[in-house]
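Chains as they are written, first to last, in this note's numbering: chain A, 1 to 524; chain B, 525 to 846.
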Amino acid sequence: MSPKRGIVVSGLDLPETVSMQASSDNILSAVRIDKGFPGTKALDKVDFHLQRGEVHALLGENGAGKSTLIKCLTGAYRRDGGSILLDGVDVDPRDTFDAQRMGIGTVYQEVNLLPNLSVAENLFLGRQPRRFGMVDNRAMNRKAHELLSQYELELDVTRALASYSVAIQQVVAIARAVDLSGKVLILDEPTASLDAHEVAMLFRIVRRLKARGLGIIFITHFLEQVYEISDRITVLRNGRLVGTRSTADLDRRDLIAMMIGRELAAEIRAVQPHAAEGEPRYRFRNYGRRGRIDPFDLDVRAGEVVGIAGLLGSGRTETAEVLFGAHRADSGTVEIDGRRVELSSPRAAIRQKFGFCPEDRKTAGIVGDLSVRENIVLALQARRGWTRPISRAEQNRLADLYIRVLDIRTADREKPIKLLSGGNQQKAILARWLATEPEFLILDEPTRGIDVGAHAEIVRLIETLREKGMSLIVISSEIEELVAYSTRIIVLRDRAHVAELGGERLTADQIVEAIAAANERRAS
Amino acid sequence: MKQKYLPLTATILIFVLSYALCAAQYPNILSTRVIGNLLTDNAFLGIAAVGMTFVILSGGIDLSVGSIIAFTGVFLAVVLEHTSMHPLVAFALVLAITTLFGALMGVIIHYLEMPAFIVTLAGMFLARGMAFVLSIDSIPIKHPFYATLKGLYYKLPGGGRITLIGGLMLLVFAVGILIAHRTRFGTNVYALGGGTATAKLMGVPVASTTVKIYAFSGLLAGLSGIVFSLYTSAGYSLAAVGVELDAITAVVIGGTLLTGGSGFVAGTLVGLFIQGLIQTYITFDGSLSSWWTKILIGALLFAFILLQKGIIHLSRDARQRA
Numbered sequence: 001m002s003p004k005r006g007i008v009v010s011g012l013d014l015p016e017t018v019s020m021q022a023s024s025d026n027i028l029s030a031v032r033i034d035k036g037f038p039g040t041k042a043l044d045k046v047d048f049h050l051q052r053g054e055v056h057a058l059l060g061e062n063g064a065g066k067s068t069l070i071k072c073l074t075g076a077y078r079r080d081g082g083s084i085l086l087d088g089v090d091v092d093p094r095d096t097f098d099a100q101r102m103g104i105g106t107v108y109q110e111v112n113l114l115p116n117l118s119v120a121e122n123l124f125l126g127r128q129p130r131r132f133g134m135v136d137n138r139a140m141n142r143k144a145h146e147l148l149s150q151y152e153l154e155l156d157v158t159r160a161l162a163s164y165s166v167a168i169q170q171v172v173a174i175a176r177a178v179d180l181s182g183k184v185l186i187l188d189e190p191t192a193s194l195d196a197h198e199v200a201m202l203f204r205i206v207r208r209l210k211a212r213g214l215g216i217i218f219i220t221h222f223l224e225q226v227y228e229i230s231d232r233i234t235v236l237r238n239g240r241l242v243g244t245r246s247t248a249d250l251d252r253r254d255l256i257a258m259m260i261g262r263e264l265a266a267e268i269r270a271v272q273p274h275a276a277e278g279e280p281r282y283r284f285r286n287y288g289r290r291g292r293i294d295p296f297d298l299d300v301r302a303g304e305v306v307g308i309a310g311l312l313g314s315g316r317t318e319t320a321e322v323l324f325g326a327h328r329a330d331s332g333t334v335e336i337d338g339r340r341v342e343l344s345s346p347r348a349a350i351r352q353k354f355g356f357c358p359e360d361r362k363t364a365g366i367v368g369d370l371s372v373r374e375n376i377v378l379a380l381q382a383r384r385g386w387t388r389p390i391s392r393a394e395q396n397r398l399a400d401l402y403i404r405v406l407d408i409r410t411a412d413r414e415k416p417i418k419l420l421s422g423g424n425q426q427k428a429i430l431a432r433w434l435a436t437e438p439e440f441l442i443l444d445e446p447t448r449g450i451d452v453g454a455h456a457e458i459v460r461l462i463e464t465l466r467e468k469g470m471s472l473i474v475i476s477s478e479i480e481e482l483v484a485y486s487t488r489i490i491v492l493r494d495r496a497h498v499a500e501l502g503g504e505r506l507t508a509d510q511i512v513e514a515i516a517a518a519n520e521r522r523a524s
Numbered sequence: 525m526k527q528k529y530l531p532l533t534a535t536i537l538i539f540v541l542s543y544a545l546c547a548a549q550y551p552n553i554l555s556t557r558v559i560g561n562l563l564t565d566n567a568f569l570g571i572a573a574v575g576m577t578f579v580i581l582s583g584g585i586d587l588s589v590g591s592i593i594a595f596t597g598v599f600l601a602v603v604l605e606h607t608s609m610h611p612l613v614a615f616a617l618v619l620a621i622t623t624l625f626g627a628l629m630g631v632i633i634h635y636l637e638m639p640a641f642i643v644t645l646a647g648m649f650l651a652r653g654m655a656f657v658l659s660i661d662s663i664p665i666k667h668p669f670y671a672t673l674k675g676l677y678y679k680l681p682g683g684g685r686i687t688l689i690g691g692l693m694l695l696v697f698a699v700g701i702l703i704a705h706r707t708r709f710g711t712n713v714y715a716l717g718g719g720t721a722t723a724k725l726m727g728v729p730v731a732s733t734t735v736k737i738y739a740f741s742g743l744l745a746g747l748s749g750i751v752f753s754l755y756t757s758a759g760y761s762l763a764a765v766g767v768e769l770d771a772i773t774a775v776v777i778g779g780t781l782l783t784g785g786s787g788f789v790a791g792t793l794v795g796l797f798i799q800g801l802i803q804t805y806i807t808f809d810g811s812l813s814s815w816w817t818k819i820l821i822g823a824l825l826f827a828f829i830l831l832q833k834g835i836i837h838l839s840r841d842a843r844q845r846a
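Okay, here's the thing in structure tokens:
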């Protein structure tokens, strides 16, 4: 780890990179790409060169222009200016399918295949082999099998895609894209929903494709993965090119500096918070729900952040949902300030001044078509009930307040929330719960899928809330981050609470050890 | 067994079971006569249900079917009464009209991004209204060619008859199965049902597929109308009210997911047979009110929706365990 203290890289404006002119090794070159939207300039004369047989990481904060650049390359957006050269030839893809046919394939974080079709149909949709005018299913299945065996996958290709894990679906998507396009592969956050083992599998495949001479663009938020897999890095910021570097020559500090271009806002705090004093406000006893999370005891004091650590599938989200009443506990009791309460539903929990920011903000958090303002007042209105509507003036005041306090970047409060970037959506959901002035706030992966700058701001916000006396439960897969702001950490394994760490023992090593120890017990 | 076959298997199981139960009580129900009549009586519904299967598989709905059947019947009756046009020419003409009508609805659904429910609801009123414009009376069709067509049948051992329209329905099912499972268009229909946005990203020609689906449904609704006019030898603008709902019922009982993307054309045939069997049983019984058909079908429909919900839950659990 880099030192946690004193990472101050303010005003570090790195000199412009030596412009890589279109050399013969470039499989894809984007030259002076311009793209504007009403009110904003999303891309400003951006240059990007991808070589044959390299993995090229494309990085930047949310709103930096990564997605816009990718969409211009794949034809999803029409660029306003500049040119795209594929194999030295000027191309102008009309849409993503057109781009695919030219040789530029894309695989997205949310697998863009059809879950109801078979694996083989997904691979060959639109180009199924035919005999006598009819689709030759046998030939298609055989070809699908052959194709996937190149990726070390032995599947029943006639089964529906949905019956396989996300990681396998991801590989199928890659196989389709490479088979269809074969020159450039764009991987847009492919690892966001994969566990470590699956990421390793994906990277093996990426390395093999690289050896075959494909140019691979890799977009991610995980900087470790950038260093593990990429050969070069291009950083965008505010729609402009910051620079392109060789990964080996760029250390992490400089990379972060390139990405956020300003003082790294309290990246990780140096001083650990003292354990909160006093009696616990919230006492959960023998609390659990069969099949989701084993019964556990949990005490939370005012002004305390309890972190929840564990591997994917260990019961982190399940714990949060049971605490909030989203899944009703079938055993145990809750006391708040010594008084027995029932948390049988989210409504009941909200009445006890609970708040919950779920992990998957797209499906469980935001209401995409409603405005930022409406999303922010949603939970508050729900708590007040429909008989006491919040006046428009009050709604405006609240929305403006949180847009300002949390620095939510939006043109105005009436913009549909789905048009905001991920980090800003996350902040708006946070604002929704803060507007209800909760005393007990559960945050499930509050920093997932958001950029470094927004990340630091959310970490700082957790601090502030804790200092104000709020009780927080924070779930995160980033252990270093949990250690930084938690007063105690609960370690989960196999849907059970296996350890509680506090004080001296609150270190990343201890957590890893606790997870590993639980594993060994299980193995023996 | 693969999960996608589960609803179809359930349908077939229910059909075999209920058929066995009926046969135990009324052995005559096994005769080829009854089977022949089952095909003839449900021919128009079956043909319309094949079109409906494609629409529902793609995630849409077509409420105009019943009205198009009525329009077709009235159109044929009026044309054959007032002109000397040969019925075959009239058939071709009316099929062209209904196909075009369906295609037009598809165009509106796709290009104006309107929900299929609303567009086809409008189509339903429009087609019914057009039938009224042509004639408000029930017009008998006395053309000799109709008598010839009705006289065509294949005699089964045991005295049963596969009539022209019963056979036509089976043919339409066969063609439907082939299109659904052995053509690119068929896969594209399933693809639309899986998610239009994704299908588009994967290069499925969404516009042409949508238009073709509704055109196909219109074509089959027109064919169903011709069959209906052969069956009743008349055209009446108030005929075939609610047939689209019966067709939807056959599709859903046949194991096709109402949200699209999953199901089989063959399942619709079994769903149709189950409906026909209930009606036949009530006829055999003689003392039961015909409303029992509706009640039983309602209960079955509900059971199937529950079954589908259960399967979705099961698959989700299975994936979580994986």
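Backbone N, C-alpha and C define an ideal beta-carbon position, used for all residues, glycine too. Model, not experiment: these values are computed from the prediction.
CA nearest to the CA of residue i, picked from the options
i	options	result
Ile689/B	Pro531/B, Gly570/B, Arg557/B	Gly570/B
Phe553/A	Arg339/A, Arg351/A, Gly307/A	There is simply no residue 553/A to check, as chain A begins at 1 and stops at 524 in what is shown.
Asp494/A	Gly291/A, Ala382/A, Leu380/A, Ile403/A	Gly291/A
Leu117/A	Arg384/A, Glu152/A, Ser163/A	Ser163/A
Gly315/A	Gly365/A, Arg283/A, Asp92/A, Ile515/A	Ile515/A
Val572/B	Gly787/B, Val696/B, Phe669/B	In the sequence as displayed, the identity of residue 572/B is Ala instead of Val. Out of Gly787/B, Val696/B, Phe669/B, Val696/B has the C-alpha closest to the C-alpha of Ala572/B.
His875/B	Phe625/B, Ser811/B, Thr577/B, Leu617/B	Any answer about residue 875/B is impossible in this case: the structure gives chain B only from 525 up to 846.
Asp80/A	Val89/A, Leu86/A, Leu69/A, Gly88/A	Leu69/A
Tyr402/A	Ala496/A, Gly239/A, Asn375/A	Asn375/A
Thr707/B	Ile229/A, Leu202/A, Val206/A, Asp136/A	Asp136/A
Leu658/B	Leu793/B, Phe595/B, Cys546/B	Phe595/B
Gly543/A	Val512/A, Ala496/A, Val483/A	The structure shown does not extend to residue 543/A, since chain A is modelled only from 1 through 524, so no value can be given for it.
Thr74/A	Leu59/A, Arg101/A, Glu513/A, Asp87/A	Arg101/A
Any C-beta of chain A under 8 Å from that of residue i
i	result
Gln832/B	no
Gly791/B	no
Thr780/B	no
Thr533/B	no
Ala640/B	no
Ser786/B	yes
Lys666/B	no
Presumed contact (8 Å Cβ cut-off) between residue i and residue j, rounded CB distance
i	j	result
Leu743/B	Thr644/B	At roughly 15 Å, the Cβ-Cβ gap does not stay under 8 Å, so Leu743/B and Thr644/B are not in contact.
Thr410/A	Asn424/A	6 Å
Leu50/A	Leu28/A	4 Å
Leu838/B	Val776/B	19 Å between Cβ atoms; not a contact.
Phe222/A	Thr244/A	No, Phe222/A and Thr244/A are not in contact; Cβ-Cβ is about 20 Å, not under 8 Å.
Contact with chain B by residue i, beta-carbon distance below 8 Å
i	result
Glu321/A	no
Gln100/A	yes
Lys418/A	no
Thr96/A	yes
Pro93/A	no
Ala270/A	For Ala270/A, the pLDDT reaches just 41, beneath the cut-off of 50, and the residue's location in the model is therefore unreliable, although a value from the coordinates is still provided. False, the Cβ-Cβ gap to chain B never drops below 8 Å.
Leu401/A	no
Asn141/A	no
Glu267/A	Only weak support is given to the placement of Glu267/A: the predicted model assigns it a pLDDT of 45, under 50, and the value that follows is read from those uncertain coordinates. Chain B, which has no Cβ nearer than 8 Å to the Cβ of Glu267/A, makes this no.
- In the region 138–217 of chain A, which residue ranges form an unbroken beta strand (DSSP E) of at least 3 residues, counting only runs that do not cross its ends? Counting only runs of 3 or more, we get 184–188.
- the region 572–589 of chain B: positions lying closer than 9 Å to chain A by Cβ: Within the region 572–589 of chain B, contact with chain A at the beta-carbon level (separation under 9 Å) is assigned to no residue.
- Could you list the residues in the region 713–736 of chain B with a C-beta less than 7 Å from some C-beta on chain A, going in chain order? Taking 7 Å as the Cβ-Cβ cut-off against chain A, the residues of the region 713–736 of chain B that qualify are Tyr714, Ala715, Gly717, Gly718, Gly719, Thr722, Ala723, Leu725, Met726, Gly727, Val728.
- When you check each C-beta in the region 117–137 of chain A against every C-beta of chain B, which residues fall closer than 7 Å? Of all residues in the region 117–137 of chain A, those with a C-beta nearer than 7 Å to a C-beta of chain B are Leu117, Glu121, Leu125, Gly126, Gln128, Met134, Val135, reading in chain order.
- Message: Tell me which residues of the region 462–491 of chain A have at least one Cβ-Cβ distance to chain B shorter than 7 Å, keeping chain order.
- Response: Legend: CB atoms of the region 462–491 of chain A lying less than 7 Å from CB atoms of chain B are not found in any residue.
- Query: Residue ranges of each alpha helix (DSSP H) run of no fewer than 4 residues wholly in the region 687–775 of chain B, ordered along the chain?
  - Reply: 688–706, 708–718, 720–725, 730–756, all fully within the region 687–775 of chain B.
- Task: Closer than 8 Å, Cβ to Cβ, to anything on chain B: give me those residues from the region 49–72 of chain A, in chain order.
- Result: Of all residues in the region 49–72 of chain A, none is placed with a Cβ closer than 8 Å to any Cβ belonging to chain B.
- Could you pull out every unbroken beta strand (DSSP E) segment of at least 3 residues lying fully inside the region 296–370 of chain A, listed in chain order? List check, beta strand (DSSP E) in window: 304–309, 331–336, 339–341, 354–357.
- Query: Any residues in the region 183–197 of chain A with a beta carbon nearer than 9 Å to a beta carbon of chain B? Which ones, in chain order?
  - Reply: Cβ contacts with chain B: none found.
- Query: Taking any Cβ of chain A, which residues in the region 684–714 of chain B have a Cβ under 9 Å from it, in chain order?
  - Reply: Listed by position, the residues of the region 684–714 of chain B near chain A (Cβ gap below 9 Å) are Leu702, His705, Arg706, Thr707, Arg708, Gly710, Thr711, Asn712, Tyr714.
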